[in-house]
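First residue of the sequence shown: 13, per this note's numbering; consecutive thereafter. Note that CB positions come from ideal geometry on N, CA and C, so glycine has one too.
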Amino acid sequence: MMYKVSTHLKIAVAATFLMFFAQYSFALGIEGGNVPSDQEAEAIPDKLEPAAQTIWTTGTYGPKATDDSEEEITPFGAYLFAGGFRGVRADGLNPTYLIAPGDRITLRIWGSIDVNRVMPVDAQGNVFIPSVGPVKVQGVTHSQLDATVRRAVQTIYPENVYVYTNLQGVQPVAVFVTGYVKMPGRYAGTPNDSILYFLDQAGGVDSKLGSYRKIRIVRNSKTIAHVDLYDFLLSGSLSRIQFRDGDTVIVEERGLKVTVVGDVERTHHYELHSDELQSGALLKLARLRADVSHVLLRGVRTTGPISVYYPLADFSSALLHDGDEVLFSADQREKSIVVQLEGSFFGPSRYVLPKDAMLHELLDSIEVPESLTDVNSISIRRVSIAERQKKSLTESLRRLETTYLGAPSSTPDEAQIRVREAELINDFVSRVSNIQPTGRLVVSQNGAIFNTRLQDGDVITIPERSDSLLVSGEVLMAQSIVYSSKMEVADYIKKSGGFSQHADKERILIVRQSGEVSEATGMELKPGDEILVLPEVPTKNLQLATSISQILYQLAIAAKVAIDL
13 MMYKVSTHLK IAVAATFLMF FAQYSFALGI EGGNVPSDQE AEAIPDKLEP
63 AAQTIWTTGT YGPKATDDSE EEITPFGAYL FAGGFRGVRA DGLNPTYLIA
113 PGDRITLRIW GSIDVNRVMP VDAQGNVFIP SVGPVKVQGV THSQLDATVR
163 RAVQTIYPEN VYVYTNLQGV QPVAVFVTGY VKMPGRYAGT PNDSILYFLD
213 QAGGVDSKLG SYRKIRIVRN SKTIAHVDLY DFLLSGSLSR IQFRDGDTVI
263 VEERGLKVTV VGDVERTHHY ELHSDELQSG ALLKLARLRA DVSHVLLRGV
313 RTTGPISVYY PLADFSSALL HDGDEVLFSA DQREKSIVVQ LEGSFFGPSR
363 YVLPKDAMLH ELLDSIEVPE SLTDVNSISI RRVSIAERQK KSLTESLRRL
413 ETTYLGAPSS TPDEAQIRVR EAELINDFVS RVSNIQPTGR LVVSQNGAIF
463 NTRLQDGDVI TIPERSDSLL VSGEVLMAQS IVYSSKMEVA DYIKKSGGFS
513 QHADKERILI VRQSGEVSEA TGMELKPGDE ILVLPEVPTK NLQLATSISQ
563 ILYQLAIAAK VAIDL
């Protein structure tokens with residue numbers, strides 16, 4: 013463990029050392045206590061790098077990397093203010109808009125009187141019509157404006173008069189946005205803009221301290237509306253307030269906070285009202301996955317920290333406190349497994365079995381066409397094995413890159429060789445990374461089937477009898493050839509056109525129908541076998557060739573693939 017040395021302690025140690033050094037420097041043959049410049053020690057840096065250490069989970073050695081991938085848990089609704097509301101302003105010309113001083117109205121009257129002009133609404137809320145006088149329009153809705161003006165005109169000209177009105181533009185307003193927002197200030201808009209528009213102008217609610225549920229609109233020192241953004245987030249409901257110049261939007265401090273993690277669609281901090289302390293309110297907000305069965309509640313009470321594990325059905329009555337963490341968990345253990353059959357058999361292809369079911373128990377209940385089925389070559393494709401094979405393959409590729417990419421070169425010729433090797437490795441890694449292992453589990457050997465315990469998702473392969481062999485890999489013509497007991501490996505390769513120019517004639521594998529893989533030397537061929545010719549690694553670097561060859565063997569076993577180099 014490394015400790016940071018205080019500045020005063022370092023100065024004191026240095027001073028003591030210099031005094032000691034000056035007194036005894038003659039004994040070292042150094043005049044005046046000055047060390048020659050080429051013998052001086054390097055200064056201790058102000059900031060020490062962390063010591064390299066072995067990372068046991070990956071088997072690598074070096075400075076421990078920091079994990080920047082973990083996403084910070086955000087409040088529910090934090091994604092609301094990403095600029096989507098501030099870009100579009102309302103024009104205020106909807107039917108419910110209330111006429112206010114400063115608005116401009118187009119008025120046309122013809123018949124007994126002719127008027128054609130644009131008139132502003134004055135400070136008293138009136139428009140002045142020649143020969144008619146002031147007409148009160150403040151507070152009248154846009155849809156009622158035409159009828160209001162018509163009635164006023166007809167009080168003076170009851171007959172032969174026609175009226176047309178249109179709201180041409182609305183008076184802009186400036187609204188103060190304050191409280192727990194990112195950028196408090198005074199923002200311009202129209203009276204009909206939504207509160208989301210003004211909040212977005214202010215950068216949105218402060219995600220650390222602000223409330224998404226306690227927002228007030230204040231006019232003349234009185235609160236005229238309360239806004240809960242959860243209503244908008246969950247149901248699209250939002251109070252429509254017609255703003256006036258000088259109104260204030262106040263975002264209050266966040267209330268009771270509960271963090272939801274685990275088997276949920278998204279982890280969030282949820283804000284609850286004081287009357288929502290029972291967990292049932294939280295269940296309406298959190299989006300649980302379908303298989304959630306239990307809930308872990310952790311928090312602090314007056315008696316100290318608590319941790320309680322509830323079945324989901326019992327959690328709704330639990331009381332929550334500020335700062336609680338609720339972990340939803342899919343903790344229901346399956347009592348059965350589902351396995352699948354493929355190949356040659358009668359009956360259904362899927363079976364639901366007890367968790368402790370054994371392979372022999374299942375096979376004893378499966379009817380097969382005996383003359384057509386190779387019952388001695390049964391194998392299993394297993395998800396967990398495929399994952400382990402993929403992980404092992406990925407680790408081998410990582411070691412290959414770490415070992416050979418970036419190796420130093422001492423001469424230009426060696427540098428050219430390194431470049432070609434790097435191209436070979438990069439191409440090889442790129443292609444191998446896309447190959448998915450089959451997860452084949454070999455359960456048959458020498459005609460006997462091992463009685464292994466089955467796992468959920470197993471695919472049991474019961475192959476048909478075959479009268480041919482497949483020749484693949486580095487041959488000129490990969491093909492299936494009818495089996496003959498008189499033919500050997502070399503005969504089948506010759507019938508396939510012989511080796512390709514990239515073939516490694518010393519590395520030939522035999523893949524049985526059971527999934528077993530062996531070197532061809534000394535192997536007796538059987539119907540259904542596959543002869544797999546591996547490629548030769550095109551490099552003179554024996555160590556590199558050995559590493560790539562080992563990965564090629566892994567591929568042959570995991571996926572029955574021999575890629576071209």
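For residue i, I'd like the list of residues in its chain whose CB is within less than 8 Å of its CB, leaving aside the five on either flank, ordered along the chain.
i	result
R362	V350, V351, Q352, L353
S223	Y192, V217, V263, E264, E265, R266, G267, E283
R225	D240, L241, Y242, G267, E283, H285
E11	In the structure as shown, the chain begins at 13 and stops at 577. Residue 11 is therefore absent and cannot be evaluated.
I207	I227, I229, V239, L250, S251, I253, V261
V130	R116, I117, T118, L119, Q180
Can you check DSSP and say which residues form a bridge with residue i?
i	result
Q457	A460
H281	P87, T271
Q254	Q254 is not bridged to any residue.
Q189	Contrary to the premise, residue 189 reads as Val rather than Gln in this sequence. For V189, which the question treats as bridged, DSSP gives the partners G197, V261.
E531	L521
Q290	L331
S484	L544
S492	L482
S341	H306
M370	R465
P148	Contrary to the premise, residue 148 reads as Lys rather than Pro in this sequence. Answer by DSSP bridge pairing, in chain order: N138.
G589	Outside the shown range of the chain, which is 13 to 577, sits residue 589, and nothing can be said about it.
P323	H306
Using a 10 Å radius around the Cβ and a threshold of 16 neighbouring Cβ atoms, would you call residue i buried or exposed?
i	result
H281	buried
Q136	exposed
T558	exposed
H154	buried
F462	exposed
P547	buried
L221	exposed
T69	Its pLDDT being 37, under 50, T69 is placed unreliably by the model, and nothing is read from it.
N204	buried
For a quick check, are the C-beta atoms of residue i and residue j less than 7 Å apart?
i	j	result
L246	V276	no
M370	R465	yes
Y322	V338	no
V173	V165	yes
D4	S305	With the chain running from 13 to 577 in the structure shown, residue 4 is simply not present.
V454	S526	yes
Q290	L110	no
Q183	G248	no
G274	F340	yes
I472	I392	yes
S219	A90	yes
T202	L119	no
R310	S319	yes
K402	P449	yes
V149	V127	no
I117	V139	yes
V161	V175	yes
S377	V364	no
K194	G215	yes
D259	R231	yes
Nearest by alpha-carbon distance to residue i: which of the options is it?
i	options	result
E288	D303, L332, G311	L332
N446	N463, L409, I227	L409
T533	V523, A237, P107	V523
V487	A502, H372, A94, D212	A502
R163	S396, G151, V144, A398	V144
S124	R411, I168, K269	I168
S496	G509, L482, A490, M489	L482
D479	L384, T202, I117	L384
E413	L324, P170, D439	D439
E382	T423, V152, S404, E476	E476
E171	W122, A302, H372, V189	W122
A460	L375, A490, Y209, V161	L375
P484	M195, F210, G509	The question names Pro, but residue 484 in the sequence shown is Ser. Comparing Cα-Cα distances from S484 to each of M195, F210, G509, the minimum goes to G509.
R278	A298, A293, K269	A298
I437	P550, I141, I236	P550
P539	I560, Y504, S512, E531	Y504
Going by beta carbon distance, what residues of the same chain come within less than 7 Å of residue i, once the five residues before and after it are set aside?
i	result
R394	G451, L453, Q467, D470
Less than 6 Å between the CB of residue i and some heavy atom of the ligand MN, yes or no?
i	result
A342	The model depicted lacks the ligand MN and carries no ligand whatsoever.
Using C-beta distances below 6 Å, list every residue in its chain close to residue i, excluding the 5 sequence neighbours before and after it, in chain order.
i	result
E61	Here the model assigns E61 a pLDDT of 46, short of 50, so the residue's position is not dependable and the matter cannot be decided.
D158	T177
L564	L546
P146	N138, F140
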